[in-house]
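Residue numbers (our numbering), protein chains in the order written: chain A, 1 to 357; chain B, 1 to 357. For glycine and all other residues, C-beta sits at the position ideal for the given N, C-alpha and C.
Protein chains: 2
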Amino acid sequence: MSLPRIAVDAMGGDEGVRVMVEGAALARRRHEKFNFLLMGDRAQIERALESHPGLAGAAEIRHCDRTIEGEDKPSQALRRAKGTSMGEAVAAVKRGEAGAAVSAGNTGALMAISKVALRTLPGIDRPALAALLPTLEEQDVIMLDLGANTECDARNLVQFAIMGAAYSRIVTGRERPRVRLLNIGTEAIKGTDEVQEAAQHLRDASTLAIDFDGFVEADKINRGDVDVVVTDGFSGNIALKAIEGSARFVTDLLKSAFASSFRSKVGFLVSRPATELLRHHLDPDNHNGAVFLGLNGVVVKSHGSATANGVANAVAVAARLLEEDLTARIRQDLAELGDHLMTNGSANNNKIESDAK
Amino acid sequence: MSLPRIAVDAMGGDEGVRVMVEGAALARRRHEKFNFLLMGDRAQIERALESHPGLAGAAEIRHCDRTIEGEDKPSQALRRAKGTSMGEAVAAVKRGEAGAAVSAGNTGALMAISKVALRTLPGIDRPALAALLPTLEEQDVIMLDLGANTECDARNLVQFAIMGAAYSRIVTGRERPRVRLLNIGTEAIKGTDEVQEAAQHLRDASTLAIDFDGFVEADKINRGDVDVVVTDGFSGNIALKAIEGSARFVTDLLKSAFASSFRSKVGFLVSRPATELLRHHLDPDNHNGAVFLGLNGVVVKSHGSATANGVANAVAVAARLLEEDLTARIRQDLAELGDHLMTNGSANNNKIESDAK
Chain A
1 MSLPRIAVDA MGGDEGVRVM VEGAALARRR HEKFNFLLMG DRAQIERALE SHPGLAGAAE
61 IRHCDRTIEG EDKPSQALRR AKGTSMGEAV AAVKRGEAGA AVSAGNTGAL MAISKVALRT
121 LPGIDRPALA ALLPTLEEQD VIMLDLGANT ECDARNLVQF AIMGAAYSRI VTGRERPRVR
181 LLNIGTEAIK GTDEVQEAAQ HLRDASTLAI DFDGFVEADK INRGDVDVVV TDGFSGNIAL
241 KAIEGSARFV TDLLKSAFAS SFRSKVGFLV SRPATELLRH HLDPDNHNGA VFLGLNGVVV
301 KSHGSATANG VANAVAVAAR LLEEDLTARI RQDLAELGDH LMTNGSANNN KIESDAK
Chain B
1 MSLPRIAVDA MGGDEGVRVM VEGAALARRR HEKFNFLLMG DRAQIERALE SHPGLAGAAE
61 IRHCDRTIEG EDKPSQALRR AKGTSMGEAV AAVKRGEAGA AVSAGNTGAL MAISKVALRT
121 LPGIDRPALA ALLPTLEEQD VIMLDLGANT ECDARNLVQF AIMGAAYSRI VTGRERPRVR
181 LLNIGTEAIK GTDEVQEAAQ HLRDASTLAI DFDGFVEADK INRGDVDVVV TDGFSGNIAL
241 KAIEGSARFV TDLLKSAFAS SFRSKVGFLV SRPATELLRH HLDPDNHNGA VFLGLNGVVV
301 KSHGSATANG VANAVAVAAR LLEEDLTARI RQDLAELGDH LMTNGSANNN KIESDAK
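1) For the region 169 to 177 of chain B against the region 293 to 308 of chain B, do three or more pairs of beta-carbon atoms, one drawn from each stretch, fall closer than 8 Å, so that the two count as touching?
2) Measure from the C-beta of K220/A to each C-beta in chain B and report whether the shortest distance is under 8 Å.
3) Assess contact between the region 105 to 116 of chain A and the region 62 to 77 of chain A, defined as three or more Cβ pairs (one per stretch) separated by less than 8 Å. Is contact present?
4) Identify which residue in N183/B, L136/B, A239/B, G123/B has its Cα closest to the Cα of R331/B.
5) Given T327/B, which residues of its chain have a CB within under 7 Å of its CB, disregarding the five upstream and five downstream residues?
6) Restricting to Cα atoms, I'd like to know which of L136/B, L334/B, V21/B is closest to L49/B.
7) Could you tell me which uninterrupted beta strand (DSSP E) segments, each at least 3 residues in length, are contained entirely in the region 204 to 261 of chain A, listed from first to last along the chain?
8) Please state the DSSP three-state secondary structure of D333/A.
9) Taking the alpha carbon of G108/A as the point to measure from, which residue in A130/A, A117/A, G70/A has its own alpha carbon closest?
10) Which residues of the region 135 to 148 of chain B have a Cβ closer than 7 Å to any Cβ of chain A? Give them in chain order.
11) Hey, is A242/B's beta-carbon within less than 8 Å of any beta-carbon in chain A?
12) For K73/B and chain A, any beta-carbon pair shorter than 8 Å?
13) Can a CB atom of chain B be found closer than 8 Å to the CB of A239/A?
14) So, under 8 Å CB-CB, A359/A and A198/A are touching, yes? Tell me the CB distance rounded to an integer number of Å.
15) Considering only DSSP beta bridges, list what S103/A is partnered with.
16) Identify the continuous alpha helix (DSSP H) that holds F160/B and give its terminal residues.
17) Tell me whether G245/A is buried or exposed, calling it buried when 16 or more other Cβ atoms sit within 10 Å of its Cβ.
18) From what residue to what residue does the alpha helix (DSSP H) around G310/A run?
19) Can you name the residues that DSSP bridges to R5/B?
20) May I have the straight-line CA-CA distance separating F249/A from A257/B, to the nearest angstrom?
21) Using a C-beta to C-beta distance shorter than 9 Å, which residues of chain E count as neighbours of T186/B?
22) If you compare alpha carbons, which of E15/A, K82/A, V102/A, D227/A is closest to L322/A?
23) Taking all protein chains shown into account, do 16 or more other C-beta atoms lie within 10 angstroms of the C-beta of Q200/B, making it buried, or fewer, making it exposed?
24) Compute the distance between the beta-carbons of G40/B and V311/B, then report whether it is under 8 Å.
25) Could you compute how far the alpha carbon of A319/A sits from the alpha carbon of D252/B?
26) If we define contact as Cβ-Cβ less than 8 Å, is S246/B a contact residue for chain A?
27) Beta-carbon within less than 7 Å of R42/A's beta-carbon, same chain only, minus the 5 sequence neighbours each way: which residues are those?
28) Helix, strand or coil, according to DSSP, for T84/B in the structure here?
29) Using alpha carbons as the reference points, say which of R29/A, K73/A, V116/A lies closest to A188/B.
30) On the criterion of 16 or more Cβ atoms from any shown chain inside 10 Å, does T120/B qualify as buried, or is it exposed?
31) Could you spell out the range, first to last residue, of the alpha helix (DSSP H) harbouring E46/A?
32) With 8 Å set as the bound, which would you pick, yes or no: does the beta-carbon of L182/A sit closer than that to a beta-carbon of chain B?
33) Taking just the CA atoms, how far does A89/B sit from A161/A?
34) Taking Cβ to Cβ, would you say V141/B is nearer than 8 Å to L202/B?
35) To the nearest angstrom, report how far apart V179/A and P53/B are at their CA atoms.
36) Does F215/A get closer than 8 Å to chain B when you measure Cβ to Cβ?
Rendered as structure tokens:
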């Protein structure tokens, strides 16, 4: 098992220190063997810890007097990283002082800093951002990339499929996760050249421990019959946000419909347990914690607007991936897979996306 | 006003002639001045018309003994078009026998056949598929392209913006529709080169009668503060299906939640009017009828799985666009706009996408 210590960027996120520290405290109660490095303003962190003596006893504060801002471009963030709460959280993973880093800050900055500090695993050209989404079945579905890479070639997509499958094996316990490429149709002739070429490679790669069966359309992501949905960061980000927005749209409609008549209001009160269940199932906090896959270390991104409960879920994702040693598993899969990786060696490796992208 | 006659491909769609004819009959009741050309198997159409004497008196049957199949590639469909119900419906528009064609058949085939028969408007390189989506406000939002063009350059996106705005003016009555490019963030540095270049052009085009203000993310499509969402066909198709799938996901969850306890069932019955309103608002039939914009004529695509009511809505879209003379309006906008169109003359014009795309 990897080092049970998690570095938390206490300054990231819309709500600041209080929420990050409370989230860590909640997570600590669920994962008692973990302890924490809290990066950020010492005085503010100490004040926040006063309400959480359990965490205070299991946390070390590293004072950082600077932060990465939401508007910092990745290249600026890279130059400024040293001494910031985000930069130092990732640096702690690099130095082996923590097994994982969690931040609710600027996603592009976190990606750039993590990639430069931790480097990609051998055989991986680019890391990808992966998250768990709810389905109609018990099991969540993993989707990647969610925006780390605006444009992807077939090789990137194949590598994402392998990394997503490794993550899915931990989450589902399934030996051969059901992996599909996101596309605009399920017929073989549909989609871009990149998607078609990636599909061909995954079909040919019969030794891979994945159940690959072509394409999935965006309306089937949540049906519960797919474990990993692979796509480029542009489409993945659009699919993820469209799903979130549409779910919110329906629940907003529902609220206004229920508020529109006395009879509906009564109905709503009587059926409260059902609507609470719905609310719980759709609450983004319950699915908080996107993972950068493909790095030498675990980095988890929490939603900027997550509540303490959401932050706790993001920290729990980091804890679980450390307990199950995700990085070692991906490394092992990669070693076994060799030529299916389609890696081009070092040409693209560890290059940072230009800010213009 | 254009010719008030609509050509209906009576053989397209999963449900076949009965649903298409019933849909036309329903639409006819709402738009009494329209009459119809029904393309397809004469015996089947005559049988279906027996239940709809109103439509029978306002319809002419053109017997076609062949159909375009769901699995036909666009290039195959083009070769086979003549004499098929779909091909003849579009040909009727070309010959001026009808103002619009409606089909529930193979989308790629309908696109290819329409483009070759009707040609794109001067200044338009490629037609785009546009549909109305529900929002939290009274007014629907138009999104395009929804899958006609897998890959688009900046010029295509600018032309889509102009065509979408013309459609929106008819639907909303708004002189300067609020147009946004779909992107993975609202900051100027986000997105692909194509999206950024298109944004720059639309920002510079101050004489355009549109309210352009950069980007919209996929979770904001349904909020009701945007009239036209412009994107390439790959992302647009993914966004559209993600929205549909997520809405269905939430309503399925809701159904199972309400079915899970006696108390919830009672609540559900009491609040039935609210949930009926929701069902009505989200029913895809109520938003059926996607339009191919940018052609010399109106072509409307009905969902393959639409009910008669859905088909009626698709026919009503065609009727409305004829009444308001959409094609003349787009032509007029294009004439006024000149250099903002970024057209490259005839190089790409009227080229059919290869089947491999």
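Well, looking at it:
1) No: the two stretches stay apart, fewer than three of their Cβ pairs being nearer than 8 Å.
2) Yes, contact with chain B.
3) These segments touch.
4) The residue from N183/B, L136/B, A239/B, G123/B with its alpha-carbon nearest to that of R331/B is G123/B.
5) For T327/B, where only same-chain residues beyond five positions count, the Cβ hits under 7 Å are N296, G297, V298.
6) The shortest CA-to-CA distance from L49/B to any of L136/B, L334/B, V21/B is the one to V21/B.
7) Uninterrupted beta strand (DSSP E) stretches at least 3 residues long and entirely within the region 204 to 261 of chain A occur at 211 to 216, 228 to 230, given in chain order.
8) In this structure, DSSP gives D333/A a helical state, which the three-state scheme calls helix.
9) Looking at the Cα atoms, G70/A is the closest of the given residues.
10) For the region 135 to 148 of chain B, residues whose beta-carbon sits nearer than 7 Å to a beta-carbon of chain A comprise L136, G147.
11) With 8 Å as the cut-off, A242/B counts as an interface residue toward chain A.
12) K73/B counts as touching chain A.
13) At least one chain B Cβ lies under 8 Å of A239/A.
14) Absent from the structure is residue 359/A, since the part of chain A shown begins at 1 and ends at 357.
15) DSSP, once it has assigned bridges, lists K301/A as partnering S103/A.
16) It spans 154 to 172 - the alpha helix (DSSP H) in which F160/B sits, taken as one unbroken run.
17) Buried is the call here.
18) Element bounds for G310/A: 308 to 323.
19) Per DSSP, N35/B.
20) If I take the Cα positions, the gap works out to 18 Å.
21) The displayed structure is made up of protein chains A and B, and chain E is not among them.
22) Of the listed residues, the one whose Cα sits closest to L322/A is V102/A.
23) So Q200/B ends up on the exposed side.
24) Here G40/B is not near V311/B, since their CB atoms are 8 Å or more apart.
25) CA-CA distance, A319/A to D252/B, rounds to 32 Å.
26) Yes, contact with chain A.
27) Non-local C-beta neighbours of R42/A in its own chain, meaning closer than 7 Å and more than five positions away in sequence, comprise I61, H63, ordered along the chain.
28) Looking at T84/B - three-state DSSP - the assignment turns out to be strand.
29) Check the Cα spacing between A188/B and each of R29/A, K73/A, V116/A: the tightest is with K73/A.
30) The residue is buried, with at least 16 neighbouring Cβ atoms inside 10 Å.
31) Going by DSSP, E46/A is part of the alpha helix (DSSP H) stretching over 42 to 49.
32) With a threshold of 8 Å between beta carbons, L182/A makes contact with chain B.
33) Roughly 44 Å separates the two Cα atoms.
34) L202/B is positioned such that its CB atom lies no closer than 8 Å to that of V141/B.
35) So the alpha carbons of these two residues sit roughly 52 Å apart.
36) Chain B contact via Cβ: absent.
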